[in-house]
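Chemist: Residues 1 to 479, numbered by the UniProt record's numbering, are exactly what the sequence shown covers, in order.
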Amino acid sequence: MAQSEEKFEHFPPIADVVDKTNTGDEDISARPLEEIESLCMQCEEQGVTRMMLTSIPFFREVIVMSFRCEHCGYSNNEIQSAGKIRSEGSIYTVKVLNRGDLDRQLIRSEACSINIPEFQLVLPPTRGQLTTVEGLLRDIVADLSAQQPLRRIQDENAYTKIQEIIDGLKEIIADDEEEGKDKREKSQLSNDDPVARAITITLDDPSGNSFLEFVGSMSDLKWNMRTYERSLEQNQQLGLAPPAEDAEDHIVNEAEQGPEGLNEEVFEFPGICSRCGRPLVTRMKRVSIPYFKDTLIMSTNCDNCGYRDNEIKSGAAISEHGKKITLKVQDRDDLSRDILKSDTSGLSIPEIDLVLHPGTLGGRFTTLEGILDQVYEELTEKVFNTGDSGVVDVDDRAEFQEFLRKLKQVKNAEIPFTLILDDPMANSHVQNLYAPDPDPNMEIVTYERTWQQNEDLGLNDMNVESYGDDDKKDGGTGS
1 MAQSEEKFEH FPPIADVVDK TNTGDEDISA RPLEEIESLC MQCEEQGVTR MMLTSIPFFR
61 EVIVMSFRCE HCGYSNNEIQ SAGKIRSEGS IYTVKVLNRG DLDRQLIRSE ACSINIPEFQ
121 LVLPPTRGQL TTVEGLLRDI VADLSAQQPL RRIQDENAYT KIQEIIDGLK EIIADDEEEG
181 KDKREKSQLS NDDPVARAIT ITLDDPSGNS FLEFVGSMSD LKWNMRTYER SLEQNQQLGL
241 APPAEDAEDH IVNEAEQGPE GLNEEVFEFP GICSRCGRPL VTRMKRVSIP YFKDTLIMST
301 NCDNCGYRDN EIKSGAAISE HGKKITLKVQ DRDDLSRDIL KSDTSGLSIP EIDLVLHPGT
361 LGGRFTTLEG ILDQVYEELT EKVFNTGDSG VVDVDDRAEF QEFLRKLKQV KNAEIPFTLI
421 LDDPMANSHV QNLYAPDPDP NMEIVTYERT WQQNEDLGLN DMNVESYGDD DKKDGGTGS
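(1) Just checking, does the segment 335-344 make contact with the segment 424-441 on the three C-beta pairs under 8 Å criterion?
(2) So is residue 348 buried or exposed if we call it buried at 16+ other beta carbons inside 10 Å?
(3) Quick check: the segment 73-82 against the segment 97-104, are there 3 or more CB pairs under 8 Å?
(4) Along the alpha helix (DSSP H) that carries residue 324, what are the first and last residues, could you check?
(5) Taking the C-alpha atoms as reference points, what is the distance between residue 309 and residue 301?
(6) With residue 423 as the anchor, note down where its beta strand (DSSP E) starts and where it stops.
(7) Would you give the residue range spanned by the beta strand (DSSP E) that residue 297 belongs to?
(8) Can you tell me whether DSSP reads residue 460 as helix, strand or coil?
(9) Enumerate, from N- to C-terminal direction, the unbroken beta strand (DSSP E) stretches of 3 or more residues contained entirely within the segment 35-92.
(10) Just how far apart, CA to CA, sit residue 327 and residue 226?
(11) How is residue 447 classed by DSSP in three states: helix, strand or coil?
(12) Pull up the distance between the alpha-carbon of residue 232 and that of residue 110, whole angstroms please.
(13) Below 7 Å CB to CB, which residues in the same chain sit around residue 374 once its five sequence neighbours on both sides are set aside?
(14) Helix, strand or coil for residue 193, going by three-state DSSP, please let me know.
(15) If the criterion is Cβ atoms closer than 8 Å, does the pair residue 344 and residue 242 meet it?
(16) Using 10 angstroms around the beta-carbon of residue 71, count the other beta-carbons present and answer buried if the total reaches 16, otherwise exposed.
(17) Judging by CA-CA distance, which residue of 85, 76, 116 is the nearest neighbour of residue 94?
(18) Please state the DSSP three-state secondary structure of residue 126.
(19) In terms of residue numbering, what span does the alpha helix (DSSP H) encompassing residue 236 cover?
(20) What would DSSP say about residue 551, mapped onto helix, strand or coil?
(21) By a C-beta neighbour count over all protein chains shown, 10 Å radius and 16 as the cutoff for buried, is residue 451 buried or exposed?
(22) Could you say which of 203, 153, 151 lies nearest to residue 133 if we only look at CA atoms?
(23) Which residues in the same chain have their Cβ closer than 7 Å to the Cβ of residue 206, if we skip the five residues on either side of it in sequence?
(24) For the candidate residues 416, 215, 441, whose alpha-carbon lies nearest to that of residue 191?
(25) Which residues bound the beta strand (DSSP E) around residue 114?
(26) Could you give the distance in angstroms between the alpha-carbon of residue 77 and the alpha-carbon of residue 154?
(27) Are residue 74 and residue 40 closer than 8 Å when you measure CB to CB?
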């Protein structure tokens, strides 16, 4: 209890910090800011750096820093995560279609790269930032415009291409060279007005400490989030694994020791921990799930850093049809059902507008209660909702808290709900408590995959027919 109170004292909610900052109190010591004299890198005079410790609702603790030099006017701001690095990386994608999308809050950590494919623009990792989509686009315009006069002289081709990007971004944010005209035009625009050019913004953060705001709920059609396991190279870049040469030495030492006796039913594969770079063993076992199909369960456990992971893969052939499972959950007995959710399956609960796209949570073999607990934990740790200027919008916050309350009722089976697993590969399964008889609370529907689904799964380019005939033609009759 004392630890949580101390955490609250050091990292108060951002709304409380704003209230204390805007009180107009001339007593600097009463403000929740730390001010430090710092050297300005532009004019080499002394400027002031202000630091604020705060917590963003439904996200985590952060440190917001702002620098300003009164001598030359130079200023910048930066945000750093005060929490631990996440166990997985994250990718956030949002479609910017109207002006309301420009107000979405954006947190960018120092490990995050940003991609805007419509302009073939990739921003490498840089300093952390707390801003909006519009603020990000304005920063890009400012950074690209700084060296344009010099480019025009040295490389006119590069100048022309970059100027096209600048002009395109200015159209999106409705910016104009004439300040008065810009203000008049923007005052007549509403959040529902379409932007001049639709774009896609993708945040790829191996540390998992970045975020893009959704609108309403996670079923926002213009917003998507998925997590992924970091590669060894990414862990090395984050300082979570030793350099490559150290890892290679450990592999050699492991190989010299020789393999230990393999279990007849469990296969073991030596490898490298993706988190600390030390040698470990991945175990794989083939399991036959009653009234379903053979499944491969893989488990990884690192004795050095404690990293653990498990993954589920189908051990059967690719199904010709997709499968949609609809389960009516009536009481807590249904929470004990075994559930196999493959990495190609989406999960939804329409009663509370919960939608998880394929790839979210990866492949999982657990119980219904276990997967709902994981969804609740992910949302309470990773999601936040803020309004303009970094202040939490009261309505949005209340709406999301209401969503979390309903999700908690669902995971405790306090209210009846419907669970839907839609898997185009038909590799997902929910336990039938009445097997081999039909389950009255569960409906299973098979369907033909669309061309786009086959394309997304990489099945359109696969050719597994007539291989035997091709081998005979290639081998000829001389064999």
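The beta carbon of each residue, even a glycine, is placed where N, CA and C say it ideally should be.
Note that the structure is predicted; figures quoted are calculated from it, not measured.
Modeler: Checking against the coordinates, here is how it stands:
(1) yes
(2) Flag for residue 348 reads buried.
(3) no
(4) From DSSP, residue 324 is part of no alpha helix (DSSP H) but of the beta strand (DSSP E) over 322-329.
(5) 7 Å
(6) 417-423
(7) Under the DSSP assignment, residue 297 falls in the beta strand (DSSP E) whose first and last residues are 294-301.
(8) coil
(9) Whole beta strand (DSSP E) segments, 3+ residues: 46-55, 61-68, 75-81.
(10) 24 Å
(11) strand
(12) Approximately 19 Å between the Cα atoms of the pair.
(13) 361
(14) coil
(15) No; because the gap between Cβ atoms is not below 8 Å, this pair is not in contact.
(16) exposed
(17) 116
(18) coil
(19) 232-237
(20) Because the chain is modelled from 1 through 479, residue 551 falls outside the range shown and cannot be assessed.
(21) By the 10 Å Cβ count, residue 451 comes out exposed.
(22) 203
(23) Closer than 7 Å at Cβ, skipping near neighbours: 89, 111, 230, 234, 238.
(24) 215
(25) 113-116
(26) When rounded, the distance between both Cα atoms is 31 Å.
(27) yes
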